[in-house]
Structures are given as C-alpha cells and as structure tokens.
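Presented below is the structure to which this report refers.
Residue numbers (this note's numbering): 175 to 517.
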C-alpha cells in the first residue's frame, strides 16, 4: 500500500489518529459492536445471518494486515506492517506480541517505507507463508521456532519490489503479488529493480514464473475452491478492479477478465480499495473494497458489504468451525460470524 493511498484511506475514515496510538489495546471481553452489514441482495441472508454483528477485538495498530487463523491452537496472527510486527490474538488469551521484527532485520534501510511482513497464509506442518514486504521476499515461517526460510526473492536476477499477499495451492505452488508499496517513493524508488509490478507463481522446486506484469497495483490474491480460477485485486483508485483468470494444471493463467469494477465506488464515504480477500468453501468471495468487505458470488455479483467504519485491508476465516471472518481494518481487528466457512 502506497503512502498516498494510505493517506487517502486514513483521511476518508478518520483513522489518522491511529498513528498517535502508543500501544495496541485489547477490547473488553464484551467486544464492542462497530460498523454495520450493508445488505444489497436478499441472498446475503444465506451467507451472513440477519442480525449478525461486527465486533472489534483489539485496536491501536498502525496498519493491520495479513490475518491468518492457526487451527492448531485456535489463534489469529496478523501483521502490523509499519511497526514490523506480527501480533497474536485468541479468545482465551487476548492480544499479545508474536514476533518483532517480522520482516526487515538490521539497521533501518533508507530505501524502505515499511519494514514489516504483510500478507500471511497457512503453510504445511506448523508453518505459515509470508509476503515479506520488508525483506522483499516470500518466506516460510516456522511457528514454533520462528525461523524464517526465504523461498524466493528475485526474478531474473532482480529483487522483488515488496511482496504484498500470498496464497498456497493444493499442489504446493505459491502465488503472490509484488506491488511497490513497501518502497519509499513507490515506482520512483531508486532501489526498485523491476520495471513493473507483477503477479507470480513459485513452483515446488523454487522456480519463479511471472504471470502478469501489466497491473498497476496488484494486491490481494486468492484461488477458487477447484483452483481453476485465480483472483487478483488491483488497489489503484483510478482502476479499482478485481480480476479473475483461468488457471490451468501447469499453473499458467489466461482469459483475464473483470470480475468486479469498484472504481466508481471509491470515495470518502466508502473508505478502502480492492485489497486482500478470502474464498469460502462454496466459492463465495469475501473481498476488500470501497466501504469494507464485499461479499460476492463467483460470478461477481455483490450481495452485501461488511463495514467497520474504516478501510479493511484483508480478511481470513477462522474459529473452531472456520465460520468466523476476521478482518484487519486500519488500526484495529474485527470479526463477524458467517453461515459459510473457509477453505
């Protein structure tokens, strides 16, 4: 996410005060209700029950991102990208610091705007995958030892910009986006080595394949349940679009098409842009966009929007039954109960 983009979102939602927060504070056990669920289609009632409430779980972060639910232990991890931290939250224990630094390690790098990890995704055998914006790599993190293994950091000898979001396929292939948000001056950064902002695949053997170099700000990324469709969100306020691609068995994409063009919805009244997303087991998409999380069918019909009152960067399914949607929303994290479940 670029500085200009975050400035716009913060101004639109009144979150500029979050930068003054001293330390994250957990909400009371009553978990205050925030925002609302905007119902645009009666079919939403089969996805999120009438009367469902959006709850704030904790606040005081600089910019929360990349939530991931850890089923072995029933807890949520999420990044605070500017603070270079990963936090942990659970119903039993509340909020705690899980890892610091989460991304860049060492003396401050003048070429970086944000040093922390960004998108997180469940990995195999007690690990998570990290879009490590600060280290400009995609990595695997051992949850027990917190040892990080870099999986890829270059394409054709040139360093990635700042990997933003990541998804793992059933075959073991990793798909990720690489916008310039973690670099000072974005596309104009003197340390930016690639002339584009790409969408990539990492094969099981570590080989990196460029799938699309034409998007201005590739951001959120997800796979359909049958893994025949790849979704990529573009967080460009003048081209705020969620794309779908056909994905073949070799992991190559074709037939890029607009699933949802949200550009006309971008406004001060609808804070946020297309960003992170998750797909439910039935193919329903829960995608960040103007106003909040857009709940949409696989064909792109928006049934409703989950609002927190501010921009939502990303979301993840979790809870014991996998039916709770956790959301990272600027300086806070929130959740809402659904009638579906994640993959």
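C-beta atoms are modelled at their ideal positions from N, C-alpha and C, and glycine is treated no differently.
Check: Collapsed DSSP secondary structure at residue 392 in the structure displayed; Outcome: strand
Check: Start and end residues, beta strand (DSSP E) containing residue 337; Outcome: That residue, residue 337, is in no beta strand (DSSP E); it is neither H nor E in DSSP.
Check: Contacts around residue 497, its chain only, beta-carbon distance under 6 Å, and the 5 residues preceding and following it disregarded; Outcome: 512, 515
Check: Residue 257 - containing beta strand (DSSP E), residue span; Outcome: Counting along the chain, residue 257 falls outside any beta strand (DSSP E), and DSSP gives it neither H nor E.
Check: Bridge partners - residue 239, DSSP secondary structure assignment; Outcome: 253
Check: DSSP bridge partner residues for residue 437 (one or two, in chain order); Outcome: Paired residues: none, contrary to the question.
Check: Beta-carbon gap between residue 343 and residue 355 smaller than 7 Å; Outcome: no
Check: Proximal residues to residue 399 (C-beta, below 7 Å), its chain only, five neighbours per side dropped; Outcome: 453, 455, 457, 517
Check: Alpha carbon of residue 371 to alpha carbon of residue 267, nearest angstrom; Outcome: 39 Å
Check: Residues bridged to residue 313 (per DSSP); Outcome: 304, 324
Check: Contact under 7 Å by Cβ, residue 332 with residue 367; Outcome: yes
Check: Cβ contact check for the segment 429-444 and the segment 462-476: 3 or more pairs under 8 Å; Outcome: yes
Check: Residues that DSSP places opposite residue 383 in a beta bridge; Outcome: 375
Check: Option in 412, 397, 408, 440 with minimal Cα separation from residue 422; Outcome: 397
Check: As assigned by DSSP and simplified to three states, the class of residue 477; Outcome: strand
Check: First through last residue of the beta strand (DSSP E) which encompasses residue 503; Outcome: 498-503
Check: Range covered by the beta strand (DSSP E) that runs through residue 233; Outcome: 229-233
Check: Neighbour-count burial assignment, residue 287, 16 or more Cβ in a 10 Å radius; Outcome: buried
Check: Check whether residue 486 and residue 470 have beta carbons under 7 Å apart; Outcome: no
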